[in-house]
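Counting from 1358, one number per residue, gives the positions in the sequence shown under my numbering.
Here is the structure we will look at, set down as structure tokens.
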Amino acid sequence: MTAPISKTKPLLVCYLPGLDQRRLSPELTPNICAARDTFQTVELETIPSTELVPSMIAGVLPHQHKVWQVSLRSEFRTPVPSSFLDRVPDLATTVQCAHHFFDRAYDLAAVPYRRRRRFDLHRFKYTRREADPHSIRIFNGYQTIFGVLGERAEYVFTKNFHDLDDLATRLPQSDCLLSEMYALDLTQHWHLDNAAVMENALRQTDRFVGKLIDGCKQTGKRLVLLSDHGQELVTGTVPLMRAVGEAGISRREFTLFVELASARLWFHTDRARNAILPRLKALAHTSVFDWREMHQFGVCFEDDSFGEFYAIADAGKVFFPHDFYQPIGNAVLGLMDRHQRQRVMNPVHRGNHGYLPHFPSERGWITAMDDGLVPANAGGHIIDIAPTLLGMIGVQAPDYMTGTRLFQPAPH
């Protein structure tokens, strides 16, 4: 085991999801650029998912922490007779969306009941950790850095730019504080095509980081800047659901779940597999893998419970429609959340991520603002973050965190 970094300081992690290295510039982000020029930065490889936080803070992969959207219930692995409720029209998802607004624990409200009832849910939306910071302490028996540290660690979340000035001056004291600034990521999903909005968002993000830098200099904290992914400008859609429907196969013979950048399918008959799979492979801007082939991307499930086949869009493309789109729910979200106002006029995302790891939008980065630390390797992986942060405050990572430290003490 690697020994803890000898000189420890209180740690402040400024987590900036969506802050793409390609959009940093001395004009728009002078504080961040200066930090990266002065201190050491390590690039991070990720996994094809939009839910990266569990892997990042638990130091384990999806097949271990099990936060991987949905799995197929065993009783639906073969065709089953339709029930009366399976005949409820899709528009009834409006009622499910209303349910979701009053009960945030009710998830996937836009998925029709006939498909929703086939799934066990394994999702971890930002709304959960926003409402309950304790929800991030353990995943499927694996303690995260917050579980390991207990009361020594704190988590702060914001998705509003107008909260940043106040947040920068009142961050609580702890040995390890992770502050997630989600406003930029959310803004990019709906405004990445708007240069003026993006310039303002980047300037506000940089101003927040500048205040954290000043605060850490005054308090002696070690500041770490962290972004686990960027975002790609969406330039088109892929009609995956239409292609599946044109195969003319009964929905009883297969199960489908569609995200923006990826879809997963389970085939319950050979006829469905033979009819649908060639159509998926013929889709433009789409790659298809079986569950075993997903192991090359760090998605190492031992069976097809979480997906028999995966279709993953190329960066800049999204599947539309998808299982998070419901016309009435989309309009309500746009009217209620100013960050998402653009979806009222056009429900297709403007920016997205969760693509295959080789695309630039999927590259994360971490900068340790301490001249006593240097990179341990040329690059890293998202599961390296947890043991790295624990090491920075002198805590040995649990054995199940198999990642390596991204930084080490600089030679004297």
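Quick reminder that beta carbons are idealized off the backbone N, C-alpha and C, glycines included.
Source: prediction; values computed, not measured.
Is the Cβ-Cβ distance between residue i and residue j less than 9 angstroms?
i     : j     : result
R1630 : E1603 : no
H1696 : L1543 : yes
E1556 : L1385 : yes
L1569 : D1532 : no
V1705 : V1595 : no
H1586 : G1708 : no
V1513 : L1524 : yes
E1402 : P1714 : yes
F1481 : F1503 : no
H1420 : F1658 : yes
L1617 : F1518 : no
I1311 : L1535 : This structure gives no information on residue 1311, because the portion of the chain shown stretches from 1358 to 1769.
L1622 : I1633 : yes
Q1426 : H1491 : no
R1609 : P1436 : yes
H1652 : G1593 : no
L1429 : D1477 : yes
F1676 : A1620 : yes
M1598 : V1581 : no
Where does the unbroken beta strand (DSSP E) through residue i begin, and where does it stop?
i     : result
C1371 : 1368 to 1372
Y1667 : 1666 to 1670
P1387 : No beta strand (DSSP E) contains P1387, which is instead part of the alpha helix (DSSP H) from 1387 to 1395.
I1647 : Before going on, a small fix: residue 1647 reads as Asp here, not Ile. Looking at the DSSP string, the run of the beta strand (DSSP E) that includes D1647 is 1643 to 1647.
E1537 : 1533 to 1538
G1737 : 1736 to 1738
V1427 : 1426 to 1429
The alpha helix (DSSP H) that contains residue i, what's its start and end?
i     : result
R1560 : 1552 to 1576
E1511 : First-last for E1511: 1510 to 1515, but that is the beta strand (DSSP E), not the alpha helix (DSSP H).
Y1470 : 1470 to 1473
H1422 : 1419 to 1422
V1410 : 1410 to 1415
L1746 : 1742 to 1749
F1676 : Element bounds for F1676: not the alpha helix (DSSP H) but the beta strand (DSSP E), 1674 to 1676.
D1522 : 1521 to 1526
G1605 : Here G1605 belongs to no alpha helix (DSSP H), and DSSP marks it neither H nor E.
V1505 : 1502 to 1506
The ligand SAM heavy atoms versus the CB of residue i: any closer than 8 angstroms?
i     : result
G1375 : In the structure on display, the ligand SAM does not appear, and there are no ligands present to speak of.
If you reduce the DSSP assignment to three classes, tell me which class residue i lands in.
i     : result
G1655 : coil
Q1697 : helix
S1584 : strand
H1625 : coil
W1547 : helix
Q1378 : helix
P1730 : A quick correction: the sequence has Leu, not Pro, at residue 1730. Reduced to three states, the DSSP call for L1730 is strand.
G1593 : strand
T1759 : coil
F1476 : strand
N1709 : strand
P1635 : helix
E1719 : helix
I1404 : coil
R1579 : strand
P1766 : strand
T1398 : strand
A1600 : helix
F1614 : strand
S1492 : helix
Y1483 : helix
Work out the CA separation of residue j and residue i for me, nearest whole Å.
i     : j     : result
N1388 : L1409 : 26 angstroms
A1360 : V1399 : The pLDDT assigned to A1360 is 48, lower than 50, so where the model puts this residue is not dependable, and the model offers no usable value.
I1493 : G1729 : 30 angstroms
C1573 : V1566 : 10 angstroms
E1537 : C1371 : 6 angstroms
M1726 : N1551 : 31 angstroms
Y1721 : L1583 : Before going on, a small fix: residue 1721 reads as Gly here, not Tyr. Cα-Cα distance, rounded: 8 angstroms.
Y1667 : E1650 : 9 angstroms
R1355 : Q1753 : Since the first and last residues shown for the chain are 1358 and 1769, residue 1355 lies out of range.
R1393 : S1382 : 11 angstroms
R1434 : H1625 : 6 angstroms
F1663 : P1405 : 14 angstroms
M1358 : I1669 : Bear in mind that the predicted position of M1358 carries a pLDDT of just 45, short of 50, making it too unreliable to give a figure here.
D1756 : R1475 : 35 angstroms
T1501 : L1418 : 12 angstroms
I1723 : P1411 : 17 angstroms
D1571 : K1578 : 10 angstroms
V1701 : Q1545 : 16 angstroms
V1731 : Q1765 : 6 angstroms
I1750 : P1367 : 7 angstroms
D1703 : K1674 : The sequence shown places Asn at residue 1703, not Asp. Their Cα atoms are separated by approximately 15 angstroms.
R1471 : L1528 : 46 angstroms
Cβ contact check for the region 1734 to 1743 and the region 1752 to 1769: 3 or more pairs under 8 angstroms: yes
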